[in-house]
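For the sequence shown, the working numbering gives the first residue as 1, with consecutive numbering after it.
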Amino acid sequence: MRLLLVEDDPRTADYVMRGLTEAGHVCDLLRNGHDALFAATRGAYDVIIADRMIPGLDGLSMIKAVRAAGVRTPAIFLTSIGGVDDRVEGLEAGGDDYLVKPFAFSELLARINALGRRPAAQEQKTTLRVADLEMDLIMRRVTRQGHTIDLQPREFSLLEVLMRGEGRVITRTMLLERVWDFHFDPKTSVVETHISRLRTKIDKPFEIPLIHTVRNTGYSLHAPV
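So this is what it looks like as structure tokens:
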């Protein structure tokens with residue numbers, strides 16, 4: 001397998017790299033979270049092994065960003081942070097496994113092999129496109145017809161949900177859950193307000209509208225049929 005190891009401690013990195021190489025795997029070593037994020041979203045890896053305490057971008061934030069970019073490569077945290085809450089936090093951030101230091105290399109190798117045997121994920125997307133609208137999930141940038149569109153974080157999240165559901169009706173309830181994490185109706189016009197702002201930025205400056213209202217149901221983003 002081709003593996004990505006993210007570890008800044010020289011002794012641990014050397015130990016793991018040597019063991020993985022002897023086991024027949026190809027392993028790339030990076031020592032900070034920013035480089036690891038770029039590599040994980042650009043390279044085709046079978047498993048990511050990441051420490052949580054790394055420079056630049058900590059391992060937890062790095063894996064969260066990898067998942068936000070749509071990358072589903074299995075990831076295992078290899079870290080000295082080992083409390084129950086810490087392990088839960090790691091798994092909820094997008095980790096598939098969690099191993100606490102000090103560790104037995106044989107166990108690490110077994111867990112990596114188990115993750116590598118999982119069915120291959122679908123092709124990873126780092127860019128979403130609908131007609132002439134494009135969203136770069138890594139750079140957090142949106143363009144239409146080559147023009148950069150400045151979006152607030154919540155507007156970006158709302159547009160991402162609509163683009164991922166291209167052509168499908170996304171209900172108001174679904175938007176409240178996915179964008180605002182509301183599992184109840186707040187009885188406000190927050191969805192409608194943000195849709196209106198999106199239309200002002202995404203549709204009004206251009207000839208063809210992409211955001212469509214589905215009466216009494218929700219919204220759909222798609223090119224004209």
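We put the CB at the ideal spot given by N, CA and C, even for glycine.
Bear in mind the structure is a predicted one, so any value in this text is a computation, not a measurement.
Applying the criterion that 16 or more other CB atoms from any shown protein chain within 10 Å of the CB defines a buried residue, is residue i buried or exposed?
| i | result |
| --- | --- |
| aspartate 181 | exposed |
| glycine 70 | buried |
| arginine 118 | exposed |
| valine 169 | exposed |
| methionine 62 | buried |
| glycine 146 | exposed |
| proline 224 | exposed |
| alanine 36 | buried |
| phenylalanine 38 | exposed |
| proline 205 | exposed |
| glutamate 207 | exposed |
| alanine 104 | exposed |
Please state whether the Cβ-Cβ distance between residue i and residue j is less than 7 Å.
| i | j | result |
| --- | --- | --- |
| aspartate 51 | glutamate 7 | yes |
| leucine 162 | histidine 194 | no |
| alanine 110 | glycine 95 | no |
Cβ of residue i versus every heavy atom of the ligand GTP: is any distance shorter than 6 Å?
| i | result |
| --- | --- |
| leucine 99 | The ligand content of the structure shown is nil, which means the ligand GTP is not present either. |
Among the options, which one has its Cα closest to the Cα of residue i?
| i | options | result |
| --- | --- | --- |
| phenylalanine 156 | Leu198, Thr193, Thr171 | Leu198 |
| serine 106 | Ile81, Tyr15, Thr148, Glu92 | Tyr15 |
| proline 102 | Asp86, Ser189, Gly82 | Gly82 |
| arginine 215 | Asp132, His183, Thr171 | Thr171 |
| leucine 151 | Ser189, Ser196, Ile112 | Ser196 |
| lysine 64 | Thr188, His34, Arg11 | His34 |
Give me the Cβ distance between residue i and residue j, rounded to the nearest whole Å; I'm assuming they're in contact under 8 Å.
| i | j | result |
| --- | --- | --- |
| valine 66 | threonine 79 | The Cβ separation is near 16 Å, so there is no contact. |
| arginine 18 | isoleucine 54 | Contact doesn't hold; Cβ gap of about 20 Å is too wide. |
| aspartate 28 | leucine 57 | Their Cβ separation, rounded to whole angstroms, is 17 Å, which puts aspartate 28 and leucine 57 out of contact at 8 Å. |
What does a CB cutoff of less than 7 Å around residue i pick up in its chain, not counting 5 residues either side in sequence?
| i | result |
| --- | --- |
| glutamate 166 | Val130, Leu221, His222 |
| threonine 41 | Val66, Ala69, Val71, Thr126, Ile138 |
| threonine 213 | Tyr219 |
| glutamine 122 | A caution first: glutamine 122 carries a pLDDT of 48, below 50, which makes its placement in the model unreliable, though a value can still be read off. Closer than 7 Å at Cβ, skipping near neighbours: no residue. |
| lysine 201 | Ile149, Leu151 |
Might you give, ordered along the chain, the residues of its own chain that have their beta carbon closer than 6 Å to the beta carbon of residue i, omitting 5 neighbours on each side?
| i | result |
| --- | --- |
| arginine 2 | Val26, Tyr45, Asp46 |
Kindly list the residues whose CB is nearer than 8 Å to the CB of residue i, restricted to its own chain and excluding five residues on each side of it in sequence; keep chain order.
| i | result |
| --- | --- |
| histidine 185 | The sequence given here places aspartate at residue 185; histidine does not occur at that position. Closer than 8 Å at the Cβ level, and outside the excluded window around aspartate 185, lie Thr173, Leu176. |
| aspartate 203 | Pro209, Leu210, Ile211 |
| arginine 141 | Met135, Thr148 |
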